[in-house]
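These notes are about the structure you will find just below.
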Amino acid sequence: MCYYNGQRVSRDEFIRLMDLEKAVMNYDFLDQEIHEGFNYGNIAVLCPTEDKCNFDIVQMEWGFIPSYTKNREDVKKMRFGYKDGNGKWYQAYTTLNAKGEELLMKDENTGREKMFRKAALERRCLILSSEFYEWRHIYRLNKRTNQPLKTADKYPYHIGLKNKNYFFIAAIWQNWTDKDTGETVDTVALVTTEANPLMRQIHNSKNRMPTMLPDELAWEWMMQDLSEERITELATYQINTSEMEAYTIAKDFKTTGTPTKAFVYSEVPELTYEV
1 MCYYNGQRVS
11 RDEFIRLMDL
21 EKAVMNYDFL
31 DQEIHEGFNY
41 GNIAVLCPTE
51 DKCNFDIVQM
61 EWGFIPSYTK
71 NREDVKKMRF
81 GYKDGNGKWY
91 QAYTTLNAKG
101 EELLMKDENT
111 GREKMFRKAA
121 LERRCLILSS
131 EFYEWRHIYR
141 LNKRTNQPLK
151 TADKYPYHIG
161 LKNKNYFFIA
171 AIWQNWTDKD
181 TGETVDTVAL
191 VTTEANPLMR
201 QIHNSKNRMP
211 TMLPDELAWE
221 WMMQDLSEER
231 ITELATYQIN
241 TSEMEAYTIA
251 KDFKTTGTPT
261 KAFVYSEVPE
271 LTYEV
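At position 138 of the sequence shown the residue is numbered 138 (the UniProt record's numbering), and the sequence of numbers has no breaks.
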């Protein structure tokens with residue numbers, strides 16, 4: 001889930017957010033309505049300075065690359081799957097997202113740290129977002145049997161916060177080096193948590209949502225030295241439904257150039273904003 005994200009921040013908002021006098025022209029990458037995760041492109045990330053007294057807005061490649069991954073060919077295999085020499089297919093492994101409940105896990109048998117643990121302990125950051133998109137699955141009834149069809153109809157939703165033009169999503173980052181070419185790149189994974197009551201209605205196939213942090217918790221996540229217990233608490237934080245807003249958009253929103261425009265489907269039940 002959470003593979004489609006928006007980053008649209010006005011120049012005034014950006015300057016206020018940074019509280020720094022930096023040349024806005026250097027940050028034109030913030031004016032993008034849709035980042036499609038499976039393109040593995042760059043995304044805007046708030047990263048603390050070394051002394052953790054401030055932060056910079058930087059671009060990172062969306063899709064965490066573990067340090068043990070040798071080269072870009074191995075990255076491609078991980079992200080898209082591949083066949084070995086005997087024709088056996090190996091499924092792709094997606095690292096766009098990291099489950100908040102599993103960030104600090106160790107292998108039960110060997111005690112070895114799993115992929116995201118070190119980054120969650122040492123390299124926490126924030127993804128700056130203006131909106132994100134998810135699909136609601138609705139199963140029509142078979143006219144003959146009155147039973148749900150096996151294949152669901154999918155309806156896209158635009159999701160954001162009420163009266164806020166941007167918000168923060170917990171994330172972790174990893175600097176990766178291609179051992180063949182020497183290429184070095186910062187990569188990032190978005191942290192997810194269990195869906196709140198609103199997102200359970202929308203993302204009803206997986207019941208997940210991005211870990212959206214209010215300002216105070218966002219600063220704590222990024223800047224403070226935290227215990228493992230506190231890291232997990234923040235990584236699994238659920239924002240209140242009452243702070244969110246969501247509405248259906250056209251199914252072809254990715255190509256129309258109007259991804260924020262509402263589109264009403266008569267067959268889709270209205271959302272209930274439980275508190």
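Just so you know, even glycine gets a beta-carbon here, dropped at the ideal spot from N, CA and C.
DSSP three-state label for residue i, please.
i    : result
R124 : strand
E131 : strand
I65  : coil
G160 : strand
P259 : coil
E21  : Confidence at E21 is low in this model, with a pLDDT of 40, below 50, so the placement of that residue is unreliable and no value is reported for it.
A171 : strand
N39  : helix
F80  : helix
D225 : coil
P48  : strand
Q201 : helix
F14  : Interpretation of F14 is limited by its pLDDT of 49, a score under 50 that renders its predicted location unreliable; the figure taken from the coordinates is listed afterwards. F14 falls in the helix class under three-state DSSP.
V191 : strand
R140 : coil
D252 : coil
V185 : strand
D215 : helix
D153 : strand
D74  : helix
I239 : coil
T94  : coil
Here's a check: name, in chain order, each residue in its chain whose Cβ is nearer than 6 Å to the Cβ of residue i, leaving out the five neighbours to either side.
i           : result
residue 276 : In the structure as shown, the chain begins at 1 and stops at 275. Residue 276 is therefore absent and cannot be evaluated.
F263        : T248, I249 and A250
M78         : Y93
A23         : Legend: pLDDT at A23 = 35, less than 50; position of this residue unreliable, value from coordinates given subsequently. Here the set comprises nothing.
N207        : A195 and R200
Looking only at its own chain, which residues have a Cβ that is under 7 Å from the Cβ of residue i, when we skip the five neighbours before and after it?
i    : result
H137 : A152, K154, N204 and S205
E228 : L104
E21  : For E21, the predicted structure reports a pLDDT of 40, less than 50, and the residue's modelled location is therefore unreliable. The matter cannot be settled from this model.
P148 : Y139 and L141
Does the distance from the CB of residue i to the CB of residue j come in under 8 Å?
i    : j    : result
G81  : A92  : yes
L126 : W221 : yes
I159 : E131 : yes
P66  : F55  : no
K254 : I34  : yes
T241 : P269 : no
A235 : T211 : yes
N71  : D180 : yes
T69  : W135 : no
M209 : M223 : no
Rounded to whole angstroms, how far is the Cβ of residue i from the Cβ of residue j, which I believe are closer than 8 Å?
i    : j    : result
A119 : W173 : 6 Å
A170 : L213 : 6 Å
D107 : K114 : 6 Å
Y157 : I231 : Contact doesn't hold; Cβ gap of about 29 Å is too wide.
L96  : G37  : 4 Å
Does residue i get closer than 8 Å to chain C when you measure Cβ to Cβ?
i    : result
E113 : The structure shown contains no chain C; it is built from a single protein chain.
Starting from the C-beta of residue i, find all residues in its chain whose C-beta is less than 8 Å away, skip the five residues before and the five after it, and write them out in chain order.
i   : result
Y90 : K77, G81, Y82, K83 and D84
Is it a yes or a no for the segment 61-70 touching the segment 179-193, going by three-plus beta-carbon pairs under 8 Å? yes
Is the segment 116-132 touching the segment 188-198 in the sense that three or more CB pairs, one from each, lie closer than 8 Å? yes
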